Amino acid sequence: MEITLRQIDKYRFLIPKQGNMYTDGIIYTTSEMLELIKNDQSLKQVANVACLPGIVGPSLAMPDIHEGYGFPIGGVAAFDLETGIISPGGVGYDINCGVRLLRSNLVKEDIIPVIEKLVDTLFFNIPTGVGSRRKDFKLNQTELKAVLKNGAKWAIKQGFGWSTDLEHIEAGGCLPQANPEFVSNKALERGKAQLGTLGSGNHFVEVGYVEEIYDEKIADAMGLFKNQVTVIIHTGSRGLGHQVCDDHIKVMLKAAAKYGISLPDKQLCCAPISSPEGQKYLAAMAAAANFAFTNRQMITHWVRESFEQFFKDSAEELGLDLIYDVCHNIAKIETHIYQGENKRLCIHRKGATRAFAPGHPEVPAAYREIGQPVLIPGDMGRYSYVLIGTKKAMEETFGSTCHGAGRVMSRHQAIKMAKGRNIAKEMRQKGIYVRGAGRYTLIEEISEAYKDVTDVIEVVHNAGISKKVARLKPMGVIKG
DNA sequence: ATGTGC
Numbered sequence: 001m002e003i004t005l006r007q008i009d010k011y012r013f014l015i016p017k018q019g020n021m022y023t024d025g026i027i028y029t030t031s032e033m034l035e036l037i038k039n040d041q042s043l044k045q046v047a048n049v050a051c052l053p054g055i056v057g058p059s060l061a062m063p064d065i066h067e068g069y070g071f072p073i074g075g076v077a078a079f080d081l082e083t084g085i086i087s088p089g090g091v092g093y094d095i096n097c098g099v100r101l102l103r104s105n106l107v108k109e110d111i112i113p114v115i116e117k118l119v120d121t122l123f124f125n126i127p128t129g130v131g132s133r134r135k136d137f138k139l140n141q142t143e144l145k146a147v148l149k150n151g152a153k154w155a156i157k158q159g160f161g162w163s164t165d166l167e168h169i170e171a172g173g174c175l176p177q178a179n180p181e182f183v184s185n186k187a188l189e190r191g192k193a194q195l196g197t198l199g200s201g202n203h204f205v206e207v208g209y210v211e212e213i214y215d216e217k218i219a220d221a222m223g224l225f226k227n228q229v230t231v232i233i234h235t236g237s238r239g240l241g242h243q244v245c246d247d248h249i250k251v252m253l254k255a256a257a258k259y260g261i262s263l264p265d266k267q268l269c270c271a272p273i274s275s276p277e278g279q280k281y282l283a284a285m286a287a288a289a290n291f292a293f294t295n296r297q298m299i300t301h302w303v304r305e306s307f308e309q310f311f312k313d314s315a316e317e318l319g320l321d322l323i324y325d326v327c328h329n330i331a332k333i334e335t336h337i338y339q340g341e342n343k344r345l346c347i348h349r350k351g352a353t354r355a356f357a358p359g360h361p362e363v364p365a366a367y368r369e370i371g372q373p374v375l376i377p378g379d380m381g382r383y384s385y386v387l388i389g390t391k392k393a394m395e396e397t398f399g400s401t402c403h404g405a406g407r408v409m410s411r412h413q414a415i416k417m418a419k420g421r422n423i424a425k426e427m428r429q430k431g432i433y434v435r436g437a438g439r440y441t442l443i444e445e446i447s448e449a450y451k452d453v454t455d456v457i458e459v460v461h462n463a464g465i466s467k468k469v470a471r472l473k474p475m476g477v478i479k480g
């Protein structure tokens with residue numbers, strides 16, 4: 001099937017329903033950014049997703065779209081709970097990879113003179129890199145299952161965080177469908193010593209500051225102000241989530257055949273949401289999602305402790321409140337208005353962020369009037385953005401927006417291009433102190449390997465599916 | 001993304 005693409009308006013492109021597609025594909029992007037993905041499979045993947053049974057509304061993609069396992073990264077797809085499917089490829093290997101943002105009462109001048117020591121402290125306190133594990137903190141099976149069942153509230157109960165954190169996490173930091181019984185022993189084994197570890201790749205903890213405010217009123221409601229120090233934590237469910245994905249892909253390959261679902265690509269393997277296979281994946285995915293929420297909560301605790309050690313002041317006094325925590329690799333059961341009626345749907349967001357509008361009951365009380373905070377990290381050398389969900393997102397994208405910058409270069413290409421360069425030194429000259437765990441981490445994560453996140457943000461802001469609130473600038477980063 | 005592989 002040759003992909004035909006038609007421009008709808010300045011920021012939207014249509015793949016009209018054709019062949020085996022049940023519905024259209026719609027990509028939020030610009031013609032310039034489309035050029036960057038013309039040689040990969042991502043547009044074909046948007047069309048492929050539209051061929052899956054029970055899809056409701058268009059197969060959507062965000063401006064940070066690039067090729068992924070089966071579904072594109074940057075993809076959003078909604079499925080009917082009775083006739084639709086659920087697919088591990090629509091969630092991604094890193095189940096509930098996500099981002100959280102902490103505020104503070106500090107300003108950038110407080111940090112600049114001490115950034116190296118502060119980042120070193122974080123690097124020491126938070127296990128980082130491939131296979132990172134905690135030496136002091138290995139859970140037994142019973143405790144781990146409690147984590148998988150209860151999510152972030154388990155951490156709060158153990159003293160890793162504040163009770164006020166919970167209401168500032170998507171879904172309250174716990175997906176209720178979680179059932180650890182459907183998480184394999186192998187996945188459990190991998191998870192036991194990984195709670196509170198950062199991992200590798202694009203995962204990071206970043207100390208930055210608010211460089212620009214676009215909406216004073218909304219920024220103020222979130223507790224953000226110009227030059228304020230912020231902390232972003234970006235990580236997911238580590239080896240546990242990866243193993244859950246792996247295990248259930250094997251099941252889904254058989255299930256798709258069993259239920260007579262014809263797949264344009266094996267990587268789209270799936271099962272009806274209502275089938276035992278679908279329900280088991282949903283329960284295991286939710287358990288892995290809860291592990292990821294708890295992981296970010298534990299890291300938050302150690303970030304607060306690091307700041308306390310460093311500034312000899314309590315985290316409460318330092319105002320290190322959690323602004324919000326978003327998932328960007330997840331399938332959620334949500335109610336949306338579709339063709340004038342309330343409909344319960346399974347929304348797959350793979351490299352896409354929920355962006356619920358003001359007034360939505362799932363937006364925490366503190367943000368009910370302004371809308372759900374949307375957290376979009378860029379690459380380590382440029383910016384990150386804070387946005388807010390909109391009514392238009394509810395109408396057009398099942399309350400979804402982009403998740404990041406999106407790579408333009410493979411890890412391999414990046415290594416080839418940056419050979420012989422001292423990336424840490426280059427970053428230091430730009431005023432950013434970086435500590436990377438792996439031998440190739442910094443080189444794989446160079447700015448040039450990513451789109452400029454600003455271009456991505458301009459699309460979602462101008463298309464109206466989220467609204468810019470603030471731009472953050474990194475000062476210090478720890479990378480896996 | 002990953003008890004990656006470059």
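Numbering (full-length UniProt numbering), first residue to last: 1 to 480. Ideal placement from N, C-alpha and C gives every residue a C-beta, glycine not left out. These numbers come from a predicted model, not from an experiment.
> Out of curiosity, what's the CA-to-CA distance linking E82 and V56?
Replying inline: Within the model, the alpha-carbon separation for E82 versus V56 is close to 11 Å.
>> Could you check whether the segment 339-357 touches the segment 399-406, counting it as contact only if at least three pairs of C-beta atoms, one from each stretch, sit closer than 8 Å?
In response: The segment 339-357 is in contact with the segment 399-406.
>> Please tell me whether I249 and P88 are closer than 8 Å, where the distance is taken between their beta carbons.
In response: Contact: yes.
> Going by the CB atoms, is the gap between I370 and P361 shorter than 8 Å?
Replying inline: Not closer than 8 Å, so no.
> CA-CA distance, Y440 and D379?
Replying inline: If you draw a straight line from the Cα of Y440 to the Cα of D379, it is about 16 Å long.
> Taking just the CA atoms, how far does Q429 sit from K254?
Replying inline: C-alpha separation (whole angstroms): 53 Å.
>> Considering Cα atoms alone, identify which of E458, G431, P63, N140 is closest to V207.
In response: Checking every option, the nearest Cα to that of V207 belongs to G431.
>> Quick check on DSSP: helix, strand or coil for D64?
In response: Taken through DSSP and simplified to helix, strand or coil, D64 comes out as strand.
> Buried or exposed: where does H412 fall if 16 or more other Cβ atoms within 10 Å of its Cβ makes it buried?
Replying inline: H412 comes out exposed.
> How many whole angstroms separate the CB atoms of P264 and C51, which I take to be in contact at a CB cut-off of 8 Å?
Replying inline: About 5 Å separates the beta carbons of P264 and C51, which is inside the 8 Å limit, making them a contact pair.
> Considering only the beta carbon of each residue, do M285 and C269 sit closer than 8 Å?
Replying inline: Taking 8 Å as the Cβ cut-off, M285 and C269 do not qualify as a contacting pair.
> Cα separation between K108 and F310?
Replying inline: If I take the Cα positions, the gap works out to 15 Å.
>> Taking a contact to mean a Cβ-Cβ separation below 8 Å, would you say V229 touches S104 in this structure?
In response: One thing to note: V229 has its Cβ within 8 Å of the Cβ of S104.
> So is V434 buried or exposed if we call it buried at 16+ other beta carbons inside 10 Å?
Replying inline: Note on V434: 16 or more other CB atoms within 10 angstroms of its CB, so buried under the neighbour-count rule.
> Taking the alpha-carbon positions, what's the A288 to N422 distance?
Replying inline: Near 37 Å, if we compare the C-alpha coordinates of N422 and A288.
>> Taking its Cβ as the centre, do 16 or more other Cβ atoms sit within 10 Å of M21, making it buried, or is it exposed?
In response: Here M21 is buried, its C-beta having at least 16 other C-beta atoms within 10 Å.
>> If contacts are defined as beta-carbon pairs under 8 Å, then I443 and A414 qualify, I think. What distance do you get, rounded to the angstrom?
In response: With a Cβ gap of about 6 Å, I443 and A414 count as contacting.
>> Here's a check: name, in chain order, each residue in its chain whose Cβ is nearer than 7 Å to the Cβ of Y259, leaving out the five neighbours to either side.
In response: Excluding sequence neighbours, Y259 sits near A271, P272, S275.
>> Please report the distance separating the alpha-carbon of K226 from that of I233.
In response: The straight-line gap from Cα to Cα measures roughly 20 Å.
>> Taking only three categories from DSSP, how would you classify F311?
In response: In the structure shown, F311 sits in a helix (DSSP, three-state: H, G or I).
> Between D136 and L122, what straight-line distance do the alpha-carbon atoms span, to the nearest angstrom?
Replying inline: Cα to Cα, D136 sits roughly 16 Å from L122.
> Cα separation between F291 and C327?
Replying inline: Approximately 12 Å, taken between the alpha carbons.
> From which residue to which residue does the alpha helix (DSSP H) around C245 run?
Replying inline: Under the DSSP assignment, C245 falls in the alpha helix (DSSP H) whose first and last residues are 238-258.
> Buried or exposed: where does E396 fall if 16 or more other Cβ atoms within 10 Å of its Cβ makes it buried?
Replying inline: In this structure E396 is buried. Its beta-carbon is surrounded by 16 or more other beta-carbon atoms within 10 angstroms.
>> Just to confirm before moving on: does the CB-CB distance between I37 and I65 stay below 8 Å?
In response: Yes.
>> To the nearest angstrom, how far is the alpha carbon of D247 from that of A283?
In response: C-alpha separation (whole angstroms): 13 Å.
>> According to DSSP, R354 sits in a beta bridge with which residue or residues?
In response: BP columns for R354 point to S400.
>> I'd like to know whether the C-beta atoms of G351 and G74 end up nearer to each other than 8 Å.
In response: Yes; because the gap between Cβ atoms is below 8 Å, this pair is in contact.
> Residues in its own chain within less than 7 Å of F307 by CB, not counting five upstream and five downstream?
Replying inline: Contacts found: A315, L318, L320.
> Which value, in whole angstroms, describes the spacing of the CA atoms of K145 and G196?
Replying inline: Using only the alpha carbons, I get a separation of about 16 Å.
> Can you give the Cα-Cα distance for F160 and V303, rounded to whole angstroms?
Replying inline: For F160 and V303, the distance between alpha carbons rounds to 11 Å.
>> What residue range does the alpha helix (DSSP H) around F124 cover?
In response: Per DSSP, the unbroken alpha helix (DSSP H) holding F124 starts and ends at 115-125.
> If you count every other CB in all the chains shown that lies within 10 Å of the CB of G340, and 16 or more means buried, which is it?
Replying inline: Under a 10 Å Cβ-count criterion, G340 is classified as exposed, with fewer than 16 other Cβ atoms of the shown protein chains found around its own Cβ.
> Going by beta carbon distance, what residues of the same chain come within less than 6 Å of A437, once the five residues before and after it are set aside?
Replying inline: Excluding residues within five positions, the ones whose Cβ falls inside 6 Å are T128, G129, G480.
> Should D80 be labelled buried (16 or more other beta-carbon atoms within 10 Å of its own) or exposed?
Replying inline: D80 is classed as buried because its beta carbon has at least 16 other beta carbons within 10 Å across all chains shown.
> In chain order, which continuous runs of the beta strand (DSSP E) of length 3 or greater are located wholly inside the segment 337-389?
Replying inline: The qualifying runs are 341-350, 373-377, 384-388.
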